[in-house]
Amino acid sequence: DVKVTQSSRYLVKRTGEKVFLECVQDMDHENMFWYRQDPGLGLRLIYFSYDVKMKEKGDIPEGYSVSREKKERFSLILESASTNQTSMYLCASSYEFSMGSEQYFGPGTRLTVT
Amino acid sequence: GQQVMQIPQYQHVQEGEDFTTYCNSSTTLSNIQWYKQRPGGHPVFLIQLVKSGEVKKQKRLTFQFGEAKKNSSLHITATQTTDVGTYFCAGQRTGGFKTNFGAGTRLFVKA
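Here is the structure:
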């Protein structure tokens, strides 16, 4: 079974802090994604990566950056956390883009910025 | 950009009643996927539709992809309490990389 793990289930940070969210997948997937999930808004794509050291902006990249130094690991960085970044963050991975490969999600990190 | 609209946002049903959620895209899709997220859980892939007019079934769940490949539906027959959760559609634009998720339909089932 594909396993996608995220470093924390719950995280509380202060405004202005630099926050790192880590995601690891164990199925040698090419693609990895970071989403945030907010009530009524569904899943919104922040960034995705289709290869090591490659990244593309999603729909809401402002205030975030990402790092993919190894194929299995994709990190989301909040450079200076703000209260409007309080949300559920979901990491996902997939095998390929062509014809829509299914995405496997991690358990999520609920981040609260105070 | 591509928009994937999903309705309704919420649906309350009595156990045994049927349920349908609808997904509409502003652009033609190469494929559409459906995911289920249980309360407190993460989205889990259910199925993918690729062909125009395609219909697939999984036990009590029926998935359809429209002829124009711009809309899709998920129908659950005789809901059970185990069906509770949020159902998301996710569409990939023809020639695109990104998969755009709908806002989801949250299903409540009363026993």
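Protein chains in written order, with the numbering used here: chain D, 1 to 114; chain V, 115 to 225.
Ideal Cβ placement from N, Cα and C applies to all residues, glycine included.
Since the structure is predicted, the reported quantities are computational estimates derived from the model, not experimental observations.
Legend entry - residue 205/V beta carbon less than 9 Å from that of residue 43/D: no
Legend entry - Contact list for residue 106/D against chain V, beta-carbon separation under 9 Å: 156
Legend entry - residue 167/V and residue 178/V closer than 9 Å at C-beta: yes
Inset, instruction - Under the assumption that residue 156/V contacts residue 107/D (Cβ atoms under 8 Å), give the Cβ distance between them as a whole number of angstroms. - result: 5 Å
Inset, instruction - Rounded to whole angstroms, what's the CA-CA distance from residue 118/V to residue 222/V? Just pull it up for me. - result: 22 Å
Legend entry - Backbone CA spacing between residue 80/D and residue 13/D [nearest angstrom]: 10 Å
Inset, instruction - Would you give the residue range spanned by the beta strand (DSSP E) that residue 29/D belongs to? - result: Note, residue 29/D: premise wrong, no beta strand (DSSP E); not H, not E.
Legend entry - Proximal residues to residue 134/V (C-beta, below 8 Å), its chain only, five neighbours per side dropped: 187, 188, 189, 190
Legend entry - Rounded straight-line distance, which links the Cα of residue 53/D to that of residue 112/D: 28 Å
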